[in-house]
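Here the structure comes first, spelled out in structure tokens, and everything after it is commentary.
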Amino acid sequence: MGRRAPGLRRALIAAVALVALVIALTEIYRLSAERGSAHLAATGRATAQARASGLASEVAHQRAVVAILAGDRDVIEALSAPTGTRGQALSEKLERLRDAAGGSVLYIVSDDGTALAASNWNEPDSFRGSNYRFRSYFSDAMQSGAGVEYALGSVSRRPGLYLSQRVGPEGAALGAVIDKVDFAETEAAWQRSGGHTVVVDASGRVTLTSEPGLRFGPLPALDEGRLRLVEPVAGTPWTLVMTLSLAEVRRQAMMNTVMAGLGLLPLLSGLGYFLRRRRRALARARAELTYRQDLEREVAARTRELSGEIRERVDAEKRLAEMQGRLVQANRLATLGQVTAGVAHEVNQPLATIRLLAENGQAMLAAPDPAPALPEVAGNLDQIVRMCERIQTITSELRGFSRKAGGGHEAVSFAEAWEASLLLSASRRAADRVRLIAPDIPPGLRVMAEKVRLEQVLVNLLQNAHEALHDRPDPEIRVTLSRSTDAAGARWITCTVADNGPGLAPEVAGNLFSPFLTTKAQGLGLGLVISQGIMRDFGGRLRADPPGPGRGARFHIDLREAD
Ligand code: ADP
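As structure tokens, this is what we get:
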């Protein structure tokens with residue numbers, strides 16, 4: 051899952067949360083309803099028990115009244131010898147008794163079922179004179195001593211419990227005492243206090259009821275959503291059945307569930323928010339990781355490419371440096387070729403002088419008395435030694451110049467380099483009778499350079515000047531030296547080589563430092579390019595003044611003065 055189906059995952063989480071919510075709420079409802087029902091059953095049972103025992107004690111009480119009356123002397127007398135006066139007196143007694151003991155109607159029935167006296171004697175629908183022979187409570191009492199029946203009154207049509215007791219011994223019954231107990235008030239009280247309460251007799255028929263419509267019918271089946279409590283009524287064949295509605299319990303359970311749901315909602319939405327945030331944070335972290343990995347891969351690839359490029363560049367630079375080195379060397383050897391002729395001349399002259407001085411010395415020593423000539427011979431020898439030294443200097447400079455340069459740079463005596471350059475180019479100068487005007491160079495002046503290559507630059511400049519001055523009427527090379535300090539505080543030496551030749555040709559002036567640019571038949575056009583490269587290597591510069599009418603060429607080399 052995960053990355054491929056975030057929607058499915060989200061739906062799944064929502065479904066799980068929903069199911070959990072439903073389960074939790076169902077459980078809350080179930081528990082709440084269970085507790086409500088238990089509470090309702092407990093309180094209902096207490097009420098039912100109170101009603102059943104109230105009923106039992108009322109019945110017991112009325113039964114006691116009937117039993118006592120059955121043994122009453124006035125009753126026996128009135129039944130044994132019935133008279134109108136006795137009947138009236140008994141009726142009044144029954145009325146008083148009823149007022150004291152409760153019950154609805156008390157009456158005395160003769161053995162043929164006629165009521166001789168009744169507590170309601172003075173009421174319009176009095177029982178007095180009525181015959182109850184056909185009622186089972188009468189026949190039961192006459193036969194078995196006592197009777198009980200719940201029925202409608204034959205005159206009043208009001209329901210009641212008839213309790214009867216035989217008067218007189220079995221087989222010689224005088225009649226019966228009957229008490230009709232009316233439970234209208236009890237039923238009204240039940241009705242008022244809510245909950246359906248009925249009493250069923252042994253055959254399952256409803257007698258007392260808080261709902262008059264059910265009377266004498268069977269006990270209705272229990273509806274769904276109702277609770278039924280059953281309590282026997284002691285001393286009777288009756289059972290009190292109380293039916294309670296669970297609607298209120300369910301409503302309360304639903305209320306509790308809704309409240310719990312409302313309470314859970316912020317919790318769930320908080321959980322949802324937390325999960326959403328966590329998911330977003332995870333997605334972000336994943337994206338960052340991917341981005342970082344991509345970046346690392348790219349960087350690694352680029353590094354590989356770059357290191358390849360760097361290797362190539364290093365190789366190319368190495369090749370270039372080698373080529374430049376070879377060019378510098380080639381230029382130097384070419385210059386050497388040019389200067390060799392002059393150098394030969396420069397060497398030949400002292401050699402000839404040496405020979406002359408030696409021969410002269412030999413001649414003087416060959417004289418018969420060489421003694422006076424000895425100081426002159428010694429002088430000749432001194433001169434020979436000096437000449438040899440000069441030749442040695444020239445040859446060693448030549449050797450040094452032809453050597454391949456090392457490539458570094460260091461503090462170099464400018465005077466030494468300058469002297470060597472003069473020496474290497476002297477013969478040419480002499481041949482063309484060039485006048486050289488040069489300053490005295492301080493022997494301690496040191497510049498950042500490499501001796502051989504610095505000489506190469508100077509020789510190149512002098513050589514070019516010589517070539518430009520060839521066939522000039524009054525050839526002259528003027529060399530000057532100046533010092534300066536730049537903005538960064540570094541000290542610089544500028545050596546200027548100027549000639550009074552024709553000056554730079556216009557076609558070369560603009561591209562003076564381009565390779566192979568030459569105006570000479572034998573020229574290579576490399577001298578200035580290479581000299582410029584050498585000066586750059588030293589951290590210095592080679593530059594030329596722009597050409598001007600009637601002005602010769604003027605080149606400057608700038609060198610860092612060594613500390
Ligand atoms: P090459 O001497 O082989 O021609 P260079 O690079 O030394 O090569 O010189 C390039 C060109 O610059 C020369 O051919 C010449 O035309 C010009 N040049 C150099 N020095 C001078 C100078 N002192 N006077 C006049 N022209 C010069």
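Counting from 51, one number per residue, gives the positions in the sequence shown under our numbering.
Ideal placement from N, C-alpha and C gives every residue a C-beta, glycine not left out.
Only residues of its own chain outside the window of five on either side were considered, and among them Leu-224 have a CB closer than 6 Å to the CB of Gly-218, listed in chain order.
Here Ile-491 really is in contact with Ala-465; their C-beta atoms are around 4 Å apart, less than 8 Å. Annotation for Asp-524 indicates a beta carbon at 7 Å or more from all heavy atoms of the ligand ADP. Val-558 is the residue among Asn-410, Val-558, Ala-488 and Val-579 whose C-alpha sits nearest the C-alpha of Thr-569.
When C-beta atoms of the stretch 145-156 are compared with those of the stretch 245-264, fewer than three pairs fall below 8 Å, so the two segments do not count as touching.
It is roughly 55 Å from the alpha-carbon of Ala-222 to the alpha-carbon of Glu-274. In the structure shown, the three-state DSSP call for Arg-242 is helix. Counting only unbroken stretches of 3 or more residues, the beta strand (DSSP E) elements lying wholly within the stretch 235-299 are 246-250, 256-259, 276-282 and 289-295, in sequence order. Annotation: the continuous beta strand (DSSP E) that includes Glu-460 extends over 460-463.
Between the alpha carbons of Val-299 and Ser-260 lies a gap of roughly 22 Å. Just so you know, the alpha carbons of Leu-512 and Val-547 end up roughly 8 Å apart. A distance criterion of 7 Å places the beta-carbon of Leu-383 beyond contact range of the ligand ADP, judged by its closest non-hydrogen atom.
When secondary structure is reduced to three states using DSSP, Lys-230 falls in the strand class. Taking the Cβ of Pro-552 as the reference point, at least one heavy atom of the ligand ADP falls within a distance shorter than 7 Å. At the C-beta level, Leu-567 and Ala-594 stay beyond 8 Å of one another. Annotated as proximal: Ile-434 and Leu-407, with beta-carbon spacing under 8 Å.
Leaving aside the five residues that flank Ser-186 on each side, the residues in its chain whose CB is nearer than 6 Å to its CB run, in chain order, Glu-199. Note on the stretch 154-233: whole alpha helix (DSSP H) runs with a minimum of 4 residues are 186-194, in chain order.
Remark: C-beta atoms of Val-231 and Thr-289 do not approach each other more closely than 8 Å.
Distances from the CA of Ala-603 to each of Gly-551, Leu-578 and Gln-572 were compared; the closest alpha carbon is that of Gly-551. Taking all protein chains shown into account, Val-205 has fewer than 16 neighbouring C-beta atoms within 10 Å of its C-beta and is therefore exposed. Per the coordinates, the alpha-carbon of Ser-176 lies some 18 Å from the alpha-carbon of Val-125. Around the beta-carbon of Ser-477, 16 or more other beta-carbon atoms lie within 10 Å, marking it buried. Remark: the shortest separation between the CB of Asp-549 and any heavy atom of the ligand ADP falls under 7 Å. For the stretch 582-610, not one full-length alpha helix (DSSP H) segment reaches 4 residues or more. Runs of the beta strand (DSSP E) lying entirely within the stretch 454-540 and spanning at least 3 residues, in chain order: 460-463, 485-487, 496-499 and 526-535. Rounded to the nearest whole angstrom, the CA to CA distance from Ala-191 to Leu-202 is 18 Å. The stretch 133-146 makes contact with the stretch 159-174; the number of CB pairs closer than 8 Å reaches 3 or more.
Counting along the chain, Ser-141 sits inside the alpha helix (DSSP H) bounded by residues 134-151. Between Ala-91 and the set Asp-587, Ala-394 and Leu-279, the nearest pair of CA atoms involves Leu-279.
C-alpha of Arg-503 to C-alpha of Ile-584: approximately 7 Å in a straight line.
For Ile-543, DSSP records a beta bridge to Arg-533 and Leu-609. Ala-96 and Asn-306 have their C-alpha atoms spaced approximately 26 Å apart. Residues of the same chain with a CB within less than 6 Å of the CB of Ala-234, apart from the 5 flanking positions on each side, do not exist. Here the alpha carbon of Pro-565 sits roughly 36 Å from the alpha carbon of Asn-398. Distances taken from the Cβ of Asn-561 to the heavy atoms of the ligand ADP include none shorter than 7 Å.
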